[in-house]
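Residue 61 in the working numbering sits at position 26 of the sequence shown, and the numbers go up by one each step.
Just so you know, even glycine gets a beta-carbon here, dropped at the ideal spot from N, CA and C.
Okay, so here's the structure we're looking at.
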Amino acid sequence: MTLRRFATLRRSLRLLAAFRHEQTAPAKFYRPLAHDTRMLIDAFLPLPGHSVLDVGGGPGYFADAFADTWYIGLEPNVSEMSAAGLTGYGAVRGDGTALPFRDGSFDVVYSSNVAEHIPNWQAMGEEMLRVTKSGGLTILSYTVWLGPFGGHETGLWQHYIGGDFARRYYEKNHGHPPKNVWGTSLFAVSAREGLSWARRMDATGRAELVAAFPRYHPRWAWWVTRVPVLREFAVSNLVLVLRPPSV
Numbered sequence: 036m037t038l039r040r041f042a043t044l045r046r047s048l049r050l051l052a053a054f055r056h057e058q059t060a061p062a063k064f065y066r067p068l069a070h071d072t073r074m075l076i077d078a079f080l081p082l083p084g085h086s087v088l089d090v091g092g093g094p095g096y097f098a099d100a101f102a103d104t105w106y107i108g109l110e111p112n113v114s115e116m117s118a119a120g121l122t123g124y125g126a127v128r129g130d131g132t133a134l135p136f137r138d139g140s141f142d143v144v145y146s147s148n149v150a151e152h153i154p155n156w157q158a159m160g161e162e163m164l165r166v167t168k169s170g171g172l173t174i175l176s177y178t179v180w181l182g183p184f185g186g187h188e189t190g191l192w193q194h195y196i197g198g199d200f201a202r203r204y205y206e207k208n209h210g211h212p213p214k215n216v217w218g219t220s221l222f223a224v225s226a227r228e229g230l231s232w233a234r235r236m237d238a239t240g241r242a243e244l245v246a247a248f249p250r251y252h253p254r255w256a257w258w259v260t261r262v263p264v265l266r267e268f269a270v271s272n273l274v275l276v277l278r279p280p281s282v
């Protein structure tokens with residue numbers, strides 16, 4: 036499947052419909068997202084038989100989608116690893132900013148919706164590049180702060196006033212703190228920051244920037260990524276695809 040055939044309007048609507056289940060029924064959101072991630076990667080590199088590292092793999096929702104690969108899920112939080120009661124797949128407890136693997140260990144290293152949850156996501160991105168094989172793929176996908184889902188479960192507009200306000204508003208209306216706490220497990224990452232980092236990796240020879248596009252948009256709407264300011268509000272999730280140089 037080519038990337039152009041993959042990024043259809045029907046796919047976009049299906050993913051957005053699943054998003055409402057992210058907090059209340061995670062499997063209904065993450066399993067379709069896992070299948071979509073598999074198709075996305077296959078559009079760049081057919082995966083059967085290749086090695087895959089999922090940085091921030093959580094409880095293993097993505098494992099089934101990569102059953103024909105050598106799949107390893109890395110997660111720092113023990114409770115998150117066991118949250119869904121899933122077993123039978125390769126899992127490693129570790130820090131995304133200090134990956135416990137040798138240089139060039141995996142054909143594909145990807146991270147889905149993790150960068151906005153750590154304060155030093157660039158360090159994670161560079162670690163992902165380090166453990167990706169020469170000529171392989173590093174794929175970093177994250178939620179843009181000023182996009183409609185930047186506040187995660189704290190609301191569609193509250194984060195525009197501020198992350199701390201969104202947290203307090205959520206606590207007032209739900210009687211408990213949100214899962215993603217501003218300043219602790221949720222941070223503001225812009226589209227500009229991600230693109231600047233990826234272009235710097237390209238300019239310094241660390242990796243070729245293969246593609247940058249809004250994950251939940253159909254192919255004909257990808258142009259929004261190229262427009263400053265607009266992309267901060269219109270790109271709900273930015274995908275950066277990089278390829279370490281061949282030696």
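Taking a contact to mean a Cβ-Cβ separation below 9 angstroms, would you say residue i touches residue j in this structure?
{"i": "Gly-131", "j": "Ser-146", "result": "yes"}
{"i": "Arg-49", "j": "Pro-67", "result": "yes"}
{"i": "Ala-242", "j": "Arg-278", "result": "yes"}
{"i": "Ser-176", "j": "Thr-72", "result": "yes"}
{"i": "His-187", "j": "Lys-207", "result": "no"}
{"i": "Leu-275", "j": "Leu-230", "result": "yes"}
{"i": "Ala-98", "j": "Ala-69", "result": "yes"}
{"i": "Phe-184", "j": "Asn-112", "result": "no"}
{"i": "Leu-181", "j": "Tyr-204", "result": "no"}
{"i": "Glu-151", "j": "Val-264", "result": "no"}
{"i": "Val-87", "j": "Leu-134", "result": "no"}
{"i": "Leu-244", "j": "Val-143", "result": "no"}
{"i": "Gly-84", "j": "Ile-107", "result": "no"}
{"i": "Leu-75", "j": "Phe-101", "result": "no"}
Locate the alpha helix (DSSP H) running through residue i, then write down its first and last residues.
{"i": "Leu-297", "result": "Residue 297 falls outside the range modelled here, since the chain spans only 36 to 282, and no answer is possible."}
{"i": "Glu-188", "result": "No alpha helix (DSSP H) holds Glu-188; DSSP gives it neither H nor E."}
What would DSSP say about residue i, mapped onto helix, strand or coil?
{"i": "Arg-266", "result": "helix"}
{"i": "Leu-121", "result": "Note that Leu-121 scores 45 on pLDDT, short of 50, meaning its location in the model is unreliable; the coordinates nonetheless yield the value given after this. The answer is coil: DSSP assigns Leu-121 none of H, G, I, E or B."}
{"i": "Val-87", "result": "strand"}
{"i": "Leu-75", "result": "helix"}
{"i": "Leu-109", "result": "strand"}
{"i": "Leu-50", "result": "helix"}
{"i": "Ser-281", "result": "coil"}
{"i": "Tyr-205", "result": "helix"}
{"i": "Tyr-195", "result": "helix"}
{"i": "Leu-80", "result": "coil"}
{"i": "Asp-103", "result": "coil"}
{"i": "Ala-69", "result": "helix"}
{"i": "Ala-98", "result": "coil"}
Following the continuous beta strand (DSSP E) through residue i, name the residue where it begins and the one where it ends.
{"i": "Gly-210", "result": "Counting along the chain, Gly-210 falls outside any beta strand (DSSP E), and DSSP gives it neither H nor E."}
{"i": "Arg-39", "result": "Element bounds for Arg-39: not the beta strand (DSSP E) but the alpha helix (DSSP H), 38-41."}
{"i": "Val-276", "result": "272-278"}
{"i": "Ala-247", "result": "243-249"}
Is residue i near the ligand NAP - that is, is its Cβ less than 8 angstroms away from at least one heavy atom of it?
{"i": "Phe-184", "result": "For the ligand NAP, the structure offers nothing, since it holds no ligand at all."}
Who does residue i pair with in a DSSP beta bridge?
{"i": "Ala-126", "result": "Gly-108"}
Length-filtered (3 minimum) beta strand (DSSP E) runs lying within the stretch 130-182
Scanning the stretch 130-182 for uninterrupted beta strand (DSSP E) segments of 3 residues or longer gives 141-147 and 167-178, listed from N- to C-terminal end.
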